[in-house]
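Student: Before I ask anything, here is the structure I am working with.
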Amino acid sequence: MTKRRIFDSIITRLVIMVVCLVTVGTVIRYFALGHFLRQDLTIVVQEQQQALAGYVARDIDDKITQRQTLLKQLAADLPQALLSRPAALQDWLRQHYRYQSLFPGGLFVTDRHGRVIADYPTAPGRQNHSYADRDYIQVAAKGSGYIGKPVIGYALRLPILPMATPLFDNNKQVSGILVGITPLSSPGFLDLLQKTQIGHGKGGFQLVSPRDNLYVASSQQALALAPLPVPGSNPLHDRAMAGYRGSGISSNAAGEEEVLAMATVPSTNWFVVAQVPASEAFATVGHAQIFAIKSAIVATILFGLLATGCMYFVLRPLFHAAEDAERMAHGDIPLVPLSIRRMDEVGHLIAAFNRLLGKLHEQQGQLERLAHHDTLTGLPNRRLLADRLKLALAQSRRHGTHLALLFMDLDGFKRINDSQGHDAGDEALRMVTERLQAIVRESDTLARIGGDEFVLLMSHLDTRAAETARIVADKCIAAMQQPLSINGASCKVGISIGIAMDTPASTADSLMQQADQAMYLAKHCGGDCLRQV
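Residues in the sequence shown are numbered consecutively from 1, following the working numbering.
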């Protein structure tokens with residue numbers, strides 16, 4: 001084989017072209033991969049940050065609300081006559097010590113001017129001290145409960161969160177003020193925020209009080225009670241101070257890019273910030289780009305060497321194919337498909353066809369899934385349920401087992417759609433699906449047959465099938481007792497369940513009708529219950 005023939009070969013030219021394309025493609029992939037990976041990771045990281053911020057905010061809100069409720073209850077129980085008897089008032093506070101686990105910094109009572117009458121546990125310097133300059137005393141003296149500005153306590157000399165509620169006399173006039181003190185470092189109070197790091201140590205949480213223009217607490221202890229950055233140093237923080245709650249990417253005062261998410265603590269109008277440096281959040285992008293470059297270089301070198309060394313073996317099948325084609329042209333051999341001896345040009349064509357065929361099979365499978373599953377929840381639809389119900393009936397009669405059909409309809413779902421829109425309704429259906437899936441067995445079929453209607457097919461049940469079905473139905477009802485949190489709003493959804501048990505004469509249609517009728521009986525009984533026919 002002459003050099004001229006090698007250089008003129010289409011294989012040689014294709015090899016050179018492919019090497020050039022690989023090089024160009026590697027450069028393009030380097031930048032495109034970084035762009036698309038960062039774009040996708042941005043969505044994922046922001047959603048994760050938002051979920052973390054929301055979880056921590058709800059935890060803090062629950063703990064603040066508990067303390068507010070307790071303080072109001074103590075104020076309602078405190079006898080007015082004790083305000084003029086400090087010793088007796090001190091004893092009353094001591095007797096209620098069992099409530100004070102929520103206020104490790106103690107409780108104290110002041111007169112309406114803010115001077116301490118009694119406290120427990122006693123703290124040095126607190127007795128007879130005037131707190132008239134504190135914001136929570138000033139507001140409570142006007143007749144309203146108040147969560148004060150987090151400060152360094154007079155008596156405890158550490159960061160505290162004060163809460164105050166007024167004490168009223170028989171004439172509904174403020175006669176005193178009950179104050180509860182919670183150190184910000186109290187175990188079980190802000191631990192989730194203060195002791196949690198995000199990433200490799202530079203990320204974490206901050207609890208921000210826009211009213212007081214300070215950090216209440218932070219994963220970085222140095223920020224506790226520190227003033228907030230000046231406006232303009234962090235645009236996303238400025239938006240959060242103006243009321244924005246969500247996630248985004250912004251640069252801090254030091255010029256470092258961060259991924260931030262903000263969630264409100266409703267009881268205080270504070271907000272939690274979940275923060276992670278963008279360099280950590282998107283480190284995978286750089287790693288993927290470096291890996292792409294290295295793998296492309298290695299692949300290009302190996303491909304060039306192997307292509308050069310195996311040139312003869314690459315060209316030989318083409319010679320054989322040309323000879324066979326020439327013989328066919330002369331009628332020496334019949335017209336039959338040419339054999340493929342290795343994956344060269346012809347092999348790639350067949351491989352492309354096979355890939356196309358595989359893609360068609362994949363699309364057919366997707367279409368089949370769409371035909372048998374609900375697109376919103378991913379659950380089996382009415383058609384797939386009907387097939388499985390017929391199969392389950394046949395198996396139960398063959399093996400002597402039983403099955404149960406639970407027809408479930410949501411109570412109050414229309415109210416969510418009407419008040420918050422269909423997007424909120426879709427989210428509610430997905431959340432309900434997750435709760436129901438956590439209850440049912442893997443062998444059971446949970447289907448959504450339309451709107452807010454679900455059907456649970458329980459098969460392979462023993463002689464206690466009816467009892468088992470009622471137990472599962474009770475669990476489904478119990479799972480709906482916890483309100484759904486949708487767009488920051490708490491939405492209550494109930495569920496009415498109709499149960500139908502199979503009999504020797506049962507058909508798929510009759511079981512569905514019986515379960516449907518039982519469900520409507522549950523609806524007529526007020527909903528959020530079960531009925532069996």
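All C-beta atoms in this analysis are idealised placements derived from N, C-alpha and C, irrespective of residue type, glycine included.
What's the C-alpha gap between R239 and A424?
Tutor: C-alpha separation (whole angstroms): 25 Å.
Student: Express the C-alpha separation of V493 and V549 in angstroms, rounding to a whole number.
Tutor: This structure cannot speak to residue 549, because the chain is shown only from 1 to 533.
Student: To the nearest angstrom, how far is it from the Cα of Y136 to the Cα of P235?
Tutor: Approximately 31 Å between the Cα atoms of the pair.
Student: Could you spell out where the alpha helix (DSSP H) holding T433 opens and where it closes?
Tutor: Element bounds for T433: H422 to Q437.
Student: In whole angstroms, what separates the C-alpha of G188 from that of I28?
Tutor: Each residue's Cα considered, the two are about 52 Å apart.
Student: What residues are listed by DSSP as bridge partners for H373?
Tutor: Per DSSP, P380.
Student: Would you kindly report the start and end of the unbroken alpha helix (DSSP H) that includes T468?
Tutor: Where T468 is concerned, the enclosing alpha helix (DSSP H) stretches over A465 to A479.
Student: Here's a check: name, in chain order, each residue in its chain whose Cβ is nearer than 6 Å to the Cβ of W92, leaving out the five neighbours to either side.
Tutor: Closer than 6 Å at the Cβ level, and outside the excluded window around W92, lie L82.
Student: Determine the closest residue to L167 out of Y154, K142, I147 and P150, with distance taken between C-alpha atoms.
Tutor: Here the closest residue by C-alpha is K142.
Student: Give me the DSSP bridge partner(s) of F205.
Tutor: Answer is A274, bridged to F205.
Student: Check the C-beta distance from L530 over to A473 and give it rounded, since I have them as a contact under 8 Å.
Tutor: Indeed they touch by this definition, with Cβ atoms about 4 Å apart.
Student: Do you know how far the Cα of V19 is from the Cα of A351?
Tutor: Residue placement at A351 cannot be trusted, given a pLDDT of 45 that sits under 50; the coordinates are not used to answer.
Student: Could you say which of I416, A508 and Q366 lies nearest to D387 if we only look at CA atoms?
Tutor: When each option's Cα is compared against that of D387, the closest is A508.
Student: Measuring CA to CA, which of A447, S233, R397 and L370 is closest to A505?
Tutor: The candidate whose alpha carbon is nearest that of A505 is R397.
Student: Among the residues of its own chain, which have a CB less than 7 Å from the CB of G105, if the five just before and after it don't count?
Tutor: If we look at G105 and ignore the five residues flanking it on each side, its Cβ neighbours are G153, L156, I160, I181, T182 and P183.
Student: For V174 and Q73, what's the separation of their Cα atoms in angstroms?
Tutor: Computed Cα separation, rounded: 16 Å.
Student: Would you tell me roughly how many angstroms separate the C-alpha atoms of A87 and A75, rounded to the nearest one?
Tutor: Their backbone Cα atoms lie some 18 Å apart in a straight line.
Student: Can you tell me whether H399 is buried or exposed? The criterion is at least 16 other CB atoms within 10 Å of its CB, across all chains shown.
Tutor: The residue in question, H399, is exposed, as its Cβ has fewer than 16 Cβ neighbours within 10 Å.
Student: Buried or exposed for Q532, going by 16 or more other Cβ atoms inside 10 Å?
Tutor: Classification of Q532: buried, given that the 10 Å Cβ count is 16 or more.
Student: Answer yes or no: do R383 and A392 have a C-beta to C-beta separation smaller than 8 Å?
Tutor: No, Cβ-Cβ distance for R383 and A392 is not below 8 Å.
Student: Spatial neighbours of M408 within its chain, please: CB distance less than 6 Å, with the 5 preceding and 5 following residues excluded, ordered by chain position.
Tutor: Within the same chain, M408 has close Cβ partners F454, I495 and I497.
Student: Quick one: Cα of F353 to Cα of L367, how far?
Tutor: In this predicted model, F353 has a pLDDT of only 41, less than 50, meaning its place in the structure is not dependable; the value taken from the coordinates is given anyway. Whole-angstrom Cα-Cα distance: 21 Å.
Student: On the DSSP letters alone, give me the boundaries of the alpha helix (DSSP H) that S510 sits inside.
Tutor: Per DSSP, S510 belongs to the alpha helix (DSSP H) from A508 to H524.
Student: For A515, count neighbouring Cβ atoms within 10 angstroms of its own Cβ and tell me buried if that reaches 16, exposed if not.
Tutor: Flag for A515 reads buried.
Student: With a 10 Å radius around its C-beta and 16 neighbouring C-beta atoms as the bar for buried, classify E362 as buried or exposed.
Tutor: The residue in question, E362, is exposed, as its Cβ has fewer than 16 Cβ neighbours within 10 Å.
Student: When the Cβ atoms of the region 47-65 are set against those of the region 250-267, are three or more pairs found closer than 8 Å?
Tutor: Yes, they touch.
Student: Contact between the region 41-58 and the region 241-255 is defined here as three or more beta-carbon pairs at a separation below 8 Å; is this criterion met?
Tutor: Yes, they touch.
Student: In this structure, does DSSP put Q532 in helix, strand or coil?
Tutor: Three-state result, Q532: strand.
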